[in-house]
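Under UniProt numbering, think of the first position of the sequence shown as 1, with each following residue one higher.
The beta-carbon is built from N, C-alpha and C at its ideal position, and this holds for glycine as well.
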Amino acid sequence: MTKQKKLLPIASLLLGAAAWGVAWYPYRLLEQAGMRGELSTALTYSIALLISLALFRKQIRISEVLNTTAWILLWINLGAGWTSIAYVLGIIHGEVMRVLLLFYLAPLWTILFSRILLQERLSRQGYLIILLSLTGALLLLWQPEGGLPLPTSYGDWMGLSGGFAFALTNVLIRKDQQHNIHLKLMAVLSGAALTGFVATLLMGNTSDITHLPANVWLILLGAGGLVFSLSILLQYGMTHVPANQAIVIMLFELVVAAVAACFLTDEHLTSRDWAGGLVIASASLFSARINQNQDLRK
1 MTKQKKLLPI
11 ASLLLGAAAW
21 GVAWYPYRLL
31 EQAGMRGELS
41 TALTYSIALL
51 ISLALFRKQI
61 RISEVLNTTA
71 WILLWINLGA
81 GWTSIAYVLG
91 IIHGEVMRVL
101 LLFYLAPLWT
111 ILFSRILLQE
121 RLSRQGYLII
131 LLSLTGALLL
141 LWQPEGGLPL
151 PTSYGDWMGL
161 SGGFAFALTN
171 VLIRKDQQHN
181 IHLKLMAVLS
191 GAALTGFVAT
201 LLMGNTSDIT
211 HLPANVWLIL
221 LGAGGLVFSL
231 SILLQYGMTH
241 VPANQAIVIM
251 LFELVVAAVA
261 ACFLTDEHLT
271 SRDWAGGLVI
281 ASASLFSARI
291 NQNQDLRK
């Protein structure tokens, strides 16, 4: 792969990460307008799915889906579904930066999934990444009054579980070299849309939304278009960039989100939260360094 071709997937991930750093804001606006997170997830991803079907219908062949490799598309579908719903519900109901920092424990899960699904050996450096990730999580979740260092809020749980599902989806997309980017994109978008609709029904959030003003529907359409664009960028990047390196590039989302949260909300992290975040970011950067060394040895 030429230098230019190597840079294009990285640039795609970087741009996608920057956009995801502010993507939480439309969902908060929709929630404030009366559209619950489960339903806004379902509708925005349905819009993105319809755009994809309209643009890429010629690249999709049923024979490529209904075969012996269909199982991996199903797992991508399920993993992306939970990633999306957990992300949206987390940033709506929790503090943006805390949720995203817990989400970015993903390098820890990526190492484990890479070992299981990609047969990547866990080195001493890999154990160090696990240690750093767990230390960062402990700093974020430590409770001065005692008790186990577990998430104490709904938003925290969504961030943690979303990162777990994101890591699984990332590794599966990297593993799946049998299907083109369009099929993997459909798996991601349909998984998120279906999960959103199921969650809406389970939570009983089927209230009438036809009374919502036109500007809310414009926000919804814009969010759907944004989801489509970001999905294209991320699917392309994740298909061509090693899993651990992709996670690190996506850390740029934290920088953008921190700046956006500073201006758009009144949320503030404690010094311990910042310390935990720095340790988690260090773990991700260290995992990128390991991946780079492995590529050089090859």
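message = Does Met186 come out as helix, strand or coil in the three-state DSSP assignment?
response = For the purposes of this step, residue 186 is taken as residue 186 along the sequence shown, with counting starting at 1. The answer is helix: DSSP assigns Met186 an H, G or I state.
Outcome for His179 when other beta-carbon atoms lying within 10 angstroms are tallied against a minimum of 16 = In the sequence shown, counting from the first residue as 1, residue 179 sits at position 179. His179 comes out buried.
inquiry  = I'd like the span of the alpha helix (DSSP H) that includes Asn170, first residue to last.
reply    = Taking the sequence shown and counting its residues from 1, one reaches residue 170 at position 170. Run containing Asn170: 154 to 175, per the alpha helix (DSSP H) assignment.
message = Can you tell me where the alpha helix (DSSP H) holding Pro107 begins and where it ends?
response = In the sequence shown, residue 107 corresponds to position 107, counting from 1. Unbroken alpha helix (DSSP H) run through Pro107: 106 to 117.
query = Gln235 by DSSP, collapsed to three states: which one?
reply = Within the sequence shown, numbered from 1, the residue matching residue 235 stands at position 235. Helix at Gln235.
message = If the criterion is Cβ atoms closer than 9 Å, does the pair Val22 and Ala187 meet it?
response = Here residue 22 is taken as the residue at index 22 of the sequence shown, counted from 1. Here residue 187 is taken as the residue at index 187 of the sequence shown, counted from 1. No, these two residues do not count as a Cβ contact at 9 Å.
ask   = Helix or strand or just coil, what does DSSP make of His211?
value = As a position in the sequence shown, residue 211 is number 211, starting the count at 1. Of the three classes helix, strand and coil, the one that applies to His211 here is coil, per DSSP.
request  = Would you check if the distance between the CB atom of Leu231 and the CB atom of Ala86 is smaller than 9 Å?
outcome  = Residue 231 sits at position 231 when you count from the first residue of the sequence shown. Residue 86 sits at position 86 when you count from the first residue of the sequence shown. In the sequence under discussion, the amino acid at residue 231 is Ser, which differs from the Leu named in the question. Not in contact: Ser231 and Ala86 (Cβ atoms no closer than 9 Å).
request  = Starting from the Cα of Met35, find the closest Cα among Pro242, Thr210, Phe263 and give me that residue.
outcome  = Sequence index remark: in the sequence shown, residue 35 carries index 35 (1-based). Closest option to Met35, Cα to Cα, is Thr210.
ask   = With distances taken from CA atoms, which of Leu89, Gln177, Ile72 is nearest Arg28?
value = For the purposes of this step, residue 28 is taken as the residue at position 28 of the sequence shown. Checked all of Leu89, Gln177, Ile72; the closest Cα to Arg28 is Leu89.
query = Using CA coordinates, which residue listed in Ile91, Arg115, Phe113, Thr68 is at the minimum distance from Ser153?
reply = By one-based count along the sequence shown, residue 153 stands at place 153. The residue with the shortest Cα to Cα distance from Ser153 is Ile91.
query = Cβ atoms of Tyr25 and Ala193: under 9 Å apart, would you say?
reply = For this step, residue 193 is matched to residue 193 along the sequence shown. For this step, residue 25 is matched to residue 25 along the sequence shown. No.
message = How far does the alpha helix (DSSP H) with His93 in it extend, from its first residue to its last?
response = Taking the first residue of the sequence shown as position 1, residue 93 is located at position 93. 70 to 93 is the extent of the alpha helix (DSSP H) around His93.
message = Once DSSP output is grouped into helix, strand and coil, what is the label at Thr265?
response = Along the sequence shown, one-based indexing puts residue 265 at 265. Thr265: coil per DSSP, three-state reduction.
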